[in-house]
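The structure appears right after this line, and notes come after that.
Residue numbers (the numbering used here): 781 to 1330.
Next comes the structure, spelled out in structure tokens:
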């Protein structure tokens, strides 16, 4: 029989293990409710990334996933996506009813239940509040009301590590935007926020403009602190953390009035690097405003105003030329600030052929081997799980990365490239120590050796000259050390003299000095003259002239 205290201890130990090991805790929760764990979630969680496609999960699968997520503390990326593109396609099409009628029923997106979205936000809130490793949070296609947004805002208020937040297709509106921006004013770690297809209007741009101004004031104060005496000042636009990119694509009700508010806020800002406003109902007047903004603001690298039907193409080309010149002159960071894909083209690609299913099954190639051969491709091992063939077990691990958003997949590919580059550099360094480098052999094979003819007398002259320069360098270094020590002594004596003068002035005897003060002054003058004589002896007479003139 186990005592109650022993049961509590076992629960605490299990909870501590769940904070660092998502997969084992998820498997145990699935075993408790007699369900099979999803291979897609297990394979992605093994790399510290949780990717949940809401429209592909059943109601019974949610409880173990969300419970394991509440306990986890080491997940660096959390993604919840729903079919927001199919919801958006009807808004940007002229004949809405006919297109919706021609689409198959399984392609029409169904909104997720409000209870499910609330459970998702409640499970995300603990990892936001308690985790220091979470850097990316994508909540795309989840329809949120004002209560859910306030729950999310409470979790964001305590977070100190998040760098990328996406609410794409969430439909928060202007009220939800004001709630989020009130929290993000004091949130100085976030670098990229995405409000694509959130039903925003020109009234909501006031909240974003106030957030930009508030963060710019905070950054200017931090730059001022670093520029004080004793601070280590570096380039403020790169070192100081804060918001760097704002994405507002597919919000056609922003229009010129909302864009003017953003331009006014960005006139005095240096730290915002990218602004994305595709399909926002902008006209050529806004293009002129952005062109004048680029003449005053030297920090912007990307202003994406493509796919605005009321804007002239010539104005967009002029703006793109100005940005390309700036990117070439400032050393554009390609991996950090990239041009995003055109969102409206992704939506229209779903409607290329009406009535044809979009998500087709892949056809088997003609050269496919029969099932009885059990052919394994090169570089692939058989994954064995209970009750599954190895092909079925290997399929989720191969395809879960294809469903990730472009920003996350690019980040994972960049980290893989850095790892491969690090391993190749380690191999090359190891081969250098052994003396068997392939690069050096290739260079020696392609480059011809340079032949230099020199007599013995010339060689001896060069050697003697090198020895003479080396001795001269040593002498100059010794003289420099002596001068530095002498200068330090004089500075200390000067400080003592100033302190004594201040004491005399406080006592009220500013008109007449004491004998001790006069003696110290005379002593310092004598030492200064001796220092000048030492400079003349060492051959630094030009310094004595400068000191006498000053």
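Each residue gets a CB set at the ideal place from its N, CA and C atoms; glycine is no exception.
Just so we're clear, the structure is a prediction, and the values are computed from it rather than from any experiment.
Counting only the Cα atoms, residue 819 lies some 22 angstroms from residue 899. Under the three-state reduction of DSSP, residue 947 is assigned to coil, being neither helix nor strand.
A distance of 9 angstroms or more separates the beta carbons of residue 1034 and residue 1055. In this structure, the alpha-carbon of residue 1119 lies about 8 angstroms from that of residue 1084. Within the same chain, 961, 964, 965, 1023 come within 8 angstroms of residue 991 by CB-CB distance, once the 5 residues on both sides are set aside. Put simply, the segment 971 to 979 does not touch the segment 995 to 1007. Fewer than three CB pairs are less than 8 angstroms apart. Check the Cα spacing between residue 1297 and each of 942, 1277, 840: the tightest is with 1277. Shown here for residue 858: same chain residues with a beta carbon closer than 6 angstroms to its own, the five before and five after excluded, namely 830, 917 in chain order.
Taken through DSSP and simplified to helix, strand or coil, residue 1310 comes out as helix. When the beta-carbon positions are compared, residue 839 and residue 896 come within less than 9 angstroms of each other. Judged by beta-carbon spacing, residue 942 lies beyond the 9 angstroms limit of residue 932, meaning their Cβ atoms are not closer than that value. Annotation for residue 1035: the continuous alpha helix (DSSP H) segment containing it runs 1035 to 1046. The C-alpha of residue 1096 is placed about 11 angstroms away from the C-alpha of residue 1089.
Residue 1249 sits in a helix when the DSSP states are folded into three classes. Ranked by how close their Cα comes to the Cα of residue 824, the residues 834, 811, 923, 802 have 802 in first place. A buried status is given to residue 944, since no fewer than 16 other beta-carbon atoms sit within 10 Å of its beta-carbon. Bridge pairing for residue 1000: absent [DSSP]. Contact check for residue 1045 against residue 999 fails: the beta carbons are separated by 9 angstroms or more. For the options 905, 1031, 930, the alpha carbon positioned closest to that of residue 948 is the one of 1031.
Beta-bridge annotation (DSSP): residue 920 is paired with 861. Rounded to whole angstroms, the Cβ separation of residue 1071 and residue 1102 is 7 angstroms, and the two are in contact under 8 angstroms.
Per DSSP, reduced to three states, the secondary structure at residue 1027 is strand. By the beta-carbon neighbour count (other beta carbons within 10 angstroms, threshold 16), residue 1267 is exposed. In the DSSP assignment, the residues bridged to residue 1055 are 1026, 1083. Of the candidates 1306, 928, 1317, the residue whose Cα lies closest to the Cα of residue 1259 is 1317.
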